[in-house]
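Take the sequence shown: its letter number 33 is residue 251 in our numbering, and every next letter is one higher.
For every residue, glycine included, the Cβ atom is placed at its ideal position computed from N, Cα and C.
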Amino acid sequence: MRNTGPKCRNCRREGTKLFLKGAKCFTSKCPVARRPFAPGVHGPTQTRVKMTGFGTQLREKQKAKRLYGLLERQFSNYVVKASATKGNTGETLQQLLEMRLDNVVYRLGVAESRAAARQLVGHGHVLINGKKLDIPSYQVEVNDVVGFGKQGREAIGKRAEAIAKANRPSWLDFEAAAFEGKILSKPMSKDIEAMFDVTPIIEYYSR
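The structure is reproduced here in structure tokens:
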């Protein structure tokens with residue numbers, strides 16, 4: 219079951235900003251900045267202890283799941299697929315997560331959060347190589363062109379200033395005038411902002 223509760227509680231639970239609420243995360247209204255302790259009755263008096271072993275593995279896994287808005291089965295399937303692929307398992311896992319269509323729409327800067335990007339995709343406002351695609355988990359490929367339908371363009375047109383200032387990763391390109399993005403390459407570890415440690419996650423599922 220997908221977590222539909224307050225997103226800011228997830229950030230407070232993990233003890234760091236996961237940027238789940240878009241612009242709000244960069245303001246003084248961000249609950250993580252105002253209440254930098256775990257949610258709940260005992261949160262203010264609870265001391266965060268340094269975790270080792272299983273505790274660290276679990277927390278990093280939960281952090282990654284919440285960051286990308288995935289259910290346990292979805293996330294574990296990505297780990298299985300990454301483990302079955304030749305190469306660095308951690309980097310492959312990061313690539314699979316980053317190359318989800320909803321994440322790509324977010325990374326292009328046209329949506330203020332992954333949840334908003336998922337909504338754009340789910341409502342059929344996103345095109346891949348000219349064809350409408352409404353599956354947030356769709357894996358984009360190098361040279362794919364991400365476009366937007368009429369309603370999608372109207373929605374992201376309201377974010378023109380934010381889109382112009384967006385800090386896009388080097389593996390993506392976006393032409394604002396054409397409302398089109400392009401996948402230039404697969405993301406490498408150095409291109410992905412380190413919001414979580416992938417090694418404990420692989421260890422967690424290798425138990």
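MET413 and ALA396 have their C-alpha atoms spaced approximately 31 Å apart.
ILE353 carries a coil assignment under DSSP once its states are collapsed to helix, strand and coil. Here ASP409 has PRO387, SER388, TRP389 as same chain residues with Cβ atoms under 6 Å from its own Cβ, once five neighbours each way along the sequence are excluded. Of the residues assessed, VAL323 falls on the buried side of the cut-off, its CB having 16 or more other CB atoms within 10 angstroms. LEU314: not part of any beta strand (DSSP E); member of the alpha helix (DSSP H) spanning 307-316, first to last residue.
Boundaries of the alpha helix (DSSP H) around ILE419: 416-423. Following the DSSP letters along the chain, one finds GLU290 inside the alpha helix (DSSP H) bounded by residues 290-301. Between the segment 322-337 and the segment 288-308 there are fewer than three C-beta pairs closer than 8 Å, too few to call the two in contact. Here the segment 333-345 makes contact with the segment 366-386; the two share three or more CB pairs at distances below 8 Å. ALA335 counts as buried, since at least 16 other C-beta atoms from the protein chains shown sit within 10 angstroms of its C-beta. C-alpha of GLU359 to C-alpha of GLN369: approximately 24 Å in a straight line. Nearest in C-alpha terms to GLN313, of all of MET406, LYS268, ASP352, is MET406.
When DSSP states are grouped into helix, strand and coil, ASP391 belongs to the strand group.
Of the residues assessed, ASP320 falls on the buried side of the cut-off, its CB having 16 or more other CB atoms within 10 angstroms. Where GLY399 is concerned, the enclosing beta strand (DSSP E) starts and stops at 398-401.
Counting other Cβ atoms within 10 Å of its Cβ, GLY399 reaches 16 or more and is therefore classed as buried.
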